[in-house]
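A.B. asks: The structure under discussion is supplied below as structure tokens; questions concerning it will follow.
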Amino acid sequence: MSAQAKLRQERTAFYRFFHAGRGDSPFKRLLIHLALIFSCVVAVYPVLRVFSVSLRPGNRLLSTSLAIIPDDASLGNYIRLLTEKDFLLWIWNSLVITMATAIIGVILAATSAYAFSRWKFPGRSAGLVFLLTTQMIPAAMLMVPIYIMAARLKLINTYIGLTIAYCVSSVPFSIWILKGYYDTVPIDLEEAAEIDGCSKISSFLRVLLPLSTPALAIVFLFNFMTAWNDFMLARIMLQQEAMLTWTLGLQRLQGQFQTEWGMFAAASILVMVPVMSLFLYSSKWLISGLTLGAVKG
Amino acid sequence: MGGLTPQTITRSLGQVGITVIFILVATVVIELALYFLLGKALRSKYTLPFMLVAPAAIGLALLVVYPIGFEVALAFSNMSLKTFKNPTFGLVQGWNNFKTVFTQPVLKQVGFFPIFFHTVLWTVINLVFHVTGGMALALLLNRPMRLRGLYRTLLVFPWAIPQVIACLAWRGEFHFEYGFVNVMLTRLGLTPIKWLTNPFWNFAAICITNIWLGIPFMAVIFLGGLQSIPRDMYEAAEMDGASAWQQFRNITLPLMQPVMTPAIILGTIWTFNNFNVPFFINQNELETSDILVTALFRAAFEYNRYGFSAAFAIVIFAILFIFAVLYIRATGGLKGVYE
Numbered sequence: 249m250s251a252q253a254k255l256r257q258e259r260t261a262f263y264r265f266f267h268a269g270r271g272d273s274p275f276k277r278l279l280i281h282l283a284l285i286f287s288c289v290v291a292v293y294p295v296l297r298v299f300s301v302s303l304r305p306g307n308r309l310l311s312t313s314l315a316i317i318p319d320d321a322s323l324g325n326y327i328r329l330l331t332e333k334d335f336l337l338w339i340w341n342s343l344v345i346t347m348a349t350a351i352i353g354v355i356l357a358a359t360s361a362y363a364f365s366r367w368k369f370p371g372r373s374a375g376l377v378f379l380l381t382t383q384m385i386p387a388a389m390l391m392v393p394i395y396i397m398a399a400r401l402k403l404i405n406t407y408i409g410l411t412i413a414y415c416v417s418s419v420p421f422s423i424w425i426l427k428g429y430y431d432t433v434p435i436d437l438e439e440a441a442e443i444d445g446c447s448k449i450s451s452f453l454r455v456l457l458p459l460s461t462p463a464l465a466i467v468f469l470f471n472f473m474t475a476w477n478d479f480m481l482a483r484i485m486l487q488q489e490a491m492l493t494w495t496l497g498l499q500r501l502q503g504q505f506q507t508e509w510g511m512f513a514a515a516s517i518l519v520m521v522p523v524m525s526l527f528l529y530s531s532k533w534l535i536s537g538l539t540l541g542a543v544k545g
Numbered sequence: 012m013g014g015l016t017p018q019t020i021t022r023s024l025g026q027v028g029i030t031v032i033f034i035l036v037a038t039v040v041i042e043l044a045l046y047f048l049l050g051k052a053l054r055s056k057y058t059l060p061f062m063l064v065a066p067a068a069i070g071l072a073l074l075v076v077y078p079i080g081f082e083v084a085l086a087f088s089n090m091s092l093k094t095f096k097n098p099t100f101g102l103v104q105g106w107n108n109f110k111t112v113f114t115q116p117v118l119k120q121v122g123f124f125p126i127f128f129h130t131v132l133w134t135v136i137n138l139v140f141h142v143t144g145g146m147a148l149a150l151l152l153n154r155p156m157r158l159r160g161l162y163r164t165l166l167v168f169p170w171a172i173p174q175v176i177a178c179l180a181w182r183g184e185f186h187f188e189y190g191f192v193n194v195m196l197t198r199l200g201l202t203p204i205k206w207l208t209n210p211f212w213n214f215a216a217i218c219i220t221n222i223w224l225g226i227p228f229m230a231v232i233f234l235g236g237l238q239s240i241p242r243d244m245y246e247a248a249e250m251d252g253a254s255a256w257q258q259f260r261n262i263t264l265p266l267m268q269p270v271m272t273p274a275i276i277l278g279t280i281w282t283f284n285n286f287n288v289p290f291f292i293n294q295n296e297l298e299t300s301d302i303l304v305t306a307l308f309r310a311a312f313e314y315n316r317y318g319f320s321a322a323f324a325i326v327i328f329a330i331l332f333i334f335a336v337l338y339i340r341a342t343g344g345l346k347g348v349y350e
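As you go down the protein sequences, you meet chains A and B in turn.
According to the working numbering, the first sequence is numbered sequentially starting from 249.
According to the working numbering, the second sequence is numbered sequentially starting from 12.
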């Protein structure tokens, strides 16, 4: 192939790249791509920075270098985090609490939403309005009474109060999402099952729930994320060193006077990677679920 | 350092397990009681739905309704760290608490009204950037092109990161010498900024962080809305010679209304109530960077003025409530959301 032909081919490839759609001029396309690339850099750069800091060896933590992978990259911070700090314990504590509360939260929401979707029982509209109103209450507002209640019941520095509080915290939102989804499932399916001899409960368990798997997955994810990422409630409920959840532990690493930058960054990466993969993997579902609850009434 | 020993492993499992068992037993008791009371004694045809709703309803009553009632009671008490065990309740204490909210410093120096002003400023700045930024990205992405999926995934990053990590990481990046914001400024030949100590720049830092965090949510929601607008509307408008701006103004905006209104209401409430960003970025506890909810948290848990902060919380909730009612009235935004 002559150099000229190659150049021509490259030029058309370049042209096609910016001409995938219709109508717009290549120049406009180039501008759009540049704007999007710039936005992506802004969105991702802070994450890359955390990654970069986590790889720096201890003596170079504070540096004005902007390179993403430092020349003398090492896994020292990760090793120190896992051996010197209670990182695994924090993750374990968070994981146990979060899993238990997410499962209970989903069960509570799934059953209530079934009632809200399929029966016109007295107090139903009032209940739905109430659920909506709870979304407006600032979390900080409930902290004072909940803290005092927990203190009087001697539940400070135990996981009991925290677990109970997390179970309920995402229930209103979950009921809304699930009710919206149940409403889109034709009731005929359950009626058919009931004619075949199913009870209300078994038609719910065998017909409606399996059909609602996507919505249940969203709600589970939402419950999980809320408890997993919570800082405020854990901060007032847990004060003992060995009981911390990962959010509290991370904050301790970044203390006011002495910042363990490298270990903080390493811990962030270890927490972030699974959470972000889960989120990005399910983001399409998540969004359709969010809009579904809003649009369908 | 305890570390991950068999003892600590079983402690969390045990405590959480006990709680789960307690919840299960309580549920069974409630369900049986309802079954016999409503089903057998009253023969109500709504026995089953009531039984289904009961566990969630009781949970919410215990952790939302009761605390709110308790909060109102606390607002009429003089409870603080000193009087934690035996507070006195009464109208006088209530009057004092509410009066203190408006007349004396909420924390050490700053009073209610400056903080309220900051909060409104914070909400407006954030929302304007979230909505315009989100709309701009959504419009850019709403066309057939290469790499669209990749852009979409990368742009969602700020939303996907756990907020606590994002906030702490940003706080590090606002470090005077080593944070990348100042490193960039220095390389561009500008003077570095004291993000963490100067009140004005600290407020700016908080806004920057939250704008970064909030744009993806709006962009994704708006993109979903844009995709539901039929393409032939734009084609028809183009035939009639409408400019891009006219198309946006007269087709996109009105048709996006049902998507935008709830997103803006939610965004406003979330921003107004945002705790993590102002709490974490404000490392030096500058009172000028506090918004209402962080001030409330500090008043309650750093200064231990429980009765006072209960009154403060009620004032904050009233503000939000009035806003929501007015906004919903004005736009009819939630019409048909319930029923």
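Here a beta-carbon is modelled for each residue, glycine too, at the ideal position from N, C-alpha and C.
Are the Cβ atoms of Ile-126 (chain B) and Val-135 (chain B) separated by less than 8 Å?
C.D. replies: Here residue 126 (chain B) corresponds to residue number 115 of the second sequence, with the count starting at 1. Here residue 135 (chain B) corresponds to residue number 124 of the second sequence, with the count starting at 1. Contact flag unset, no.
A.B. asks: Beta carbon of Ser-302 (chain A), beta carbon of Ile-316 (chain A): below 8 Å?
C.D. replies: Numbered from 1 along the first sequence, position 54 holds the residue referred to as residue 302 (chain A). Numbered from 1 along the first sequence, position 68 holds the residue referred to as residue 316 (chain A). Not a contact, by the Cβ cut-off of 8 Å.
A.B. asks: Mind checking Ala-374 (chain A): buried by the 16 CB within 10 Å criterion, or exposed?
C.D. replies: Mapped onto the first sequence, residue 374 (chain A) falls at position 126. With fewer than 16 other Cβ atoms within 10 Å, it is exposed.
A.B. asks: Between Leu-237 (chain B) and chain A, is any beta-carbon pair separated by less than 8 Å?
C.D. replies: For the purposes of this step, residue 237 (chain B) is taken as residue 226 along the second sequence, with counting starting at 1. Taking Cβ atoms only, chain A never reaches closer than 8 Å to Leu-237 (chain B), which makes this a no.
A.B. asks: Please say whether Leu-138 (chain B) and Ser-287 (chain A) have beta carbons closer to each other than 8 Å?
C.D. replies: The residue labelled residue 287 (chain A) in the question sits at position 39 within the first sequence. The residue labelled residue 138 (chain B) in the question sits at position 127 within the second sequence. No, the Cβ-Cβ distance between Ser-287 (chain A) and Leu-138 (chain B) is not below 8 Å.
A.B. asks: Should Ile-241 (chain A) be labelled buried (16 or more other beta-carbon atoms within 10 Å of its own) or exposed?
C.D. replies: Residue 241 (chain A) is absent from the model: chain A starts at 249 and stops at 545.
A.B. asks: List, from N- to C-terminal side, the beta strand (DSSP E) runs of 3 residues or more that fit wholly inside the stretch 77-145 of chain B.
C.D. replies: none
A.B. asks: Nearest-angstrom Cα distance between Tyr-57 (chain B) and Gly-28 (chain B)?
C.D. replies: Walking along the second sequence from the start, residue 57 (chain B) turns up at place 46. Walking along the second sequence from the start, residue 28 (chain B) turns up at place 17. About 33 Å.
A.B. asks: In chain B, what lies closer than 8 Å to Lys-448 (chain A) by C-beta?
C.D. replies: Stepping through the first sequence from its first residue, residue 448 (chain A) is reached at position 200. The contacting residues are Leu-59.
A.B. asks: Among residues of its own chain, excluding the 5 on either side of Ser-365 (chain A), which ones have a beta-carbon nearer than 6 Å to its beta-carbon?
C.D. replies: Here residue 365 (chain A) is taken as the residue at index 117 of the first sequence, counted from 1. Hits under 6 Å: Lys-427, Tyr-430, Asp-431.
A.B. asks: Gln-502 (chain A) versus chain B: which residues are under 8 Å apart at the beta carbon?
C.D. replies: In the first sequence, residue 502 (chain A) corresponds to position 254, counting from 1. Residues of chain B passing the Cβ test: Leu-179, Arg-182, Gly-183.
A.B. asks: Does the beta carbon of Phe-100 (chain B) fall short of 7 Å from some heavy atom of the ligand ZN?
C.D. replies: The model on display carries no ligand, and the ligand ZN is accordingly not part of it.
A.B. asks: Below 8 Å on C-beta distance, what does Met-384 (chain A) contact in chain B?
C.D. replies: As a first step, residue 384 (chain A) must be located in the first sequence, where it is residue number 136. Correct list: Ile-280, Phe-328, Leu-331, Phe-332, Ala-335.
A.B. asks: In the DSSP assignment, find the alpha helix (DSSP H) that holds Leu-337 (chain A) and state where it starts and stops.
C.D. replies: On the first sequence, residue 337 (chain A) is found 89 positions in, with the first residue counted as 1. 335-366 is the extent of the alpha helix (DSSP H) around Leu-337 (chain A).
A.B. asks: Going by the beta-carbon positions, is the gap between Lys-119 (chain B) and Glu-298 (chain B) smaller than 8 Å?
C.D. replies: Position 108 of the second sequence, counting from 1, holds the residue named residue 119 (chain B). Position 287 of the second sequence, counting from 1, holds the residue named residue 298 (chain B). Closer than 8 Å, so yes.
A.B. asks: Can you tell me where the alpha helix (DSSP H) holding Gly-445 (chain A) begins and where it ends?
C.D. replies: By 1-based counting over the first sequence, the position of residue 445 (chain A) is 197. Here Gly-445 (chain A) belongs to no alpha helix (DSSP H), and DSSP marks it neither H nor E.
A.B. asks: What residue from A:Leu-279, A:Ile-339, A:Val-455, A:Val-298 has the CA that sits closest to Phe-512 (chain A)'s CA?
C.D. replies: Start at 1 with the first residue of the first sequence, and residue 512 (chain A) comes out as number 264. Answer by Cα proximity: A:Val-298.
A.B. asks: Using 8 Å as the Cβ pair cut-off and three pairs as the minimum, do the stretch 137-155 of chain B and the stretch 214-224 of chain B touch?
C.D. replies: yes
A.B. asks: Mind the definition here: the stretch 311-325 of chain B touches the stretch 166-180 of chain B only if three or more C-beta pairs lie below 8 Å; say whether that holds.
C.D. replies: Touching, no, given that fewer than three Cβ pairs across the two stretches are closer than 8 Å.
A.B. asks: Identify whether Gln-502 (chain A) lies in helix, strand or coil by the three-state DSSP scheme.
C.D. replies: For the purposes of this step, residue 502 (chain A) is taken as the residue at position 254 of the first sequence. Of the three classes helix, strand and coil, the one that applies to Gln-502 (chain A) here is strand, per DSSP.
A.B. asks: Can you look up Thr-400 (chain A) in the DSSP assignment and give me helix, strand or coil?
C.D. replies: For the purposes of this step, residue 400 (chain A) is taken as residue 152 along the first sequence, with counting starting at 1. Residue identity check: residue 400 (chain A) is Arg in the sequence provided, not Thr. DSSP places Arg-400 (chain A) in helix when its eight states are reduced to three.
A.B. asks: Using a Cβ-Cβ cut-off of less than 8 Å, list which residues of the stretch 405-428 of chain A approach chain B; keep chain order.
C.D. replies: Flagged, chain order: Thr-406, Tyr-407, Ile-408, Thr-411, Ile-412, Ala-413, Cys-415, Val-416, Ser-417, Val-419, Pro-420, Ile-423.
A.B. asks: Count the other CB atoms within 10 Å of the CB of Ala-322 (chain B); is the residue buried (16 or more) or exposed (fewer)?
C.D. replies: Walking along the second sequence from the start, residue 322 (chain B) turns up at place 311. Buried.
A.B. asks: For Gly-200 (chain B), would you say it is in contact with chain A, using Cβ-to-Cβ distances shorter than 8 Å as the test?
C.D. replies: Taking the second sequence and counting its residues from 1, one reaches residue 200 (chain B) at position 189. Judged by the 8 Å Cβ criterion, Gly-200 (chain B) is not in contact with chain A.
A.B. asks: Indicate whether at least one CB of chain B lies closer than 8 Å to the CB of Pro-294 (chain A).
C.D. replies: Taking the first residue of the first sequence as 1, we reach residue 294 (chain A) at position 46. Chain B, which has a Cβ nearer than 8 Å to the Cβ of Pro-294 (chain A), makes this yes.
A.B. asks: Rounded to whole angstroms, how far is the Cβ of Asp-320 (chain A) from the Cβ of Pro-305 (chain A), which I believe are closer than 8 Å?
C.D. replies: For the purposes of this step, residue 320 (chain A) is taken as the residue at position 72 of the first sequence. For the purposes of this step, residue 305 (chain A) is taken as the residue at position 57 of the first sequence. Indeed, because the Cβ distance is near 6 Å, the residues count as touching under 8 Å.
A.B. asks: Going by alpha carbons, who is nearest to Val-344 (chain A) out of B:Ile-20, B:Thr-202, B:Leu-152, B:Phe-291?
C.D. replies: As a first step, residue 344 (chain A) must be located in the first sequence, where it is residue number 96. For the residues B:Ile-20, B:Thr-202, B:Leu-152, B:Phe-291, the minimum Cα distance to Val-344 (chain A) belongs to B:Ile-20.
A.B. asks: Near Ser-88 (chain B), what residues of its chain come up, given a Cβ to Cβ distance below 6 Å and the 5 sequence neighbours on each side ignored?
C.D. replies: The count along the second sequence starts at 1 and reaches residue 88 (chain B) at position 77. Closer than 6 Å at Cβ, skipping near neighbours: Pro-98, Phe-100, Gln-104, Gly-318.
A.B. asks: So does the stretch 279-298 of chain B actually touch the stretch 196-215 of chain B, counting three or more Cβ pairs closer than 8 Å?
C.D. replies: yes
A.B. asks: Closer than 9 Å, Cβ to Cβ, to anything on chain B: give me those residues from the stretch 369-393 of chain A, in chain order.
C.D. replies: Phe-369, Pro-370, Gly-371, Arg-372, Ser-373, Gly-375, Leu-376, Val-377, Phe-378, Leu-379, Leu-380, Thr-381, Thr-382, Gln-383, Met-384, Ile-385, Pro-386, Ala-387, Ala-388, Met-389, Leu-390, Met-391, Val-392, Pro-393
A.B. asks: Secondary structure at Leu-15 (chain B), three-state DSSP: helix, strand or coil?
C.D. replies: For the purposes of this step, residue 15 (chain B) is taken as the residue at position 4 of the second sequence. Leu-15 (chain B) falls in the coil class under three-state DSSP.
A.B. asks: Does DSSP put Gly-183 (chain B) in a helix, in a strand, or in coil?
C.D. replies: Counting from 1 along the second sequence, the entry for residue 183 (chain B) is found at position 172. Helix at Gly-183 (chain B).
A.B. asks: Do three or more CB pairs link the stretch 481-497 of chain A to the stretch 392-410 of chain A at distances below 8 Å?
C.D. replies: Flag = yes, the stretch 481-497 of chain A and the stretch 392-410 of chain A touch.
A.B. asks: Could you give the uninterrupted runs of the alpha helix (DSSP H) lying entirely in the stretch 412-469 of chain A, keeping only those of 4 residues or more?
C.D. replies: 419-432, 435-443, 448-451
A.B. asks: Pick out whichever of B:Thr-263, B:Pro-241, B:Val-304, B:Ile-226 has its Cα sitting closest to the Cα of Ile-275 (chain B).
C.D. replies: Indexing the second sequence from 1 puts residue 275 (chain B) at position 264. Out of B:Thr-263, B:Pro-241, B:Val-304, B:Ile-226, B:Ile-226 has the C-alpha closest to the C-alpha of Ile-275 (chain B).
A.B. asks: Note down the Cα distance separating Thr-111 (chain B) from Pro-173 (chain B), rounded to an integer number of angstroms.
C.D. replies: In the second sequence, counting from the first residue as 1, residue 111 (chain B) sits at position 100. In the second sequence, counting from the first residue as 1, residue 173 (chain B) sits at position 162. Cα to Cα, the separation comes out at about 37 Å.
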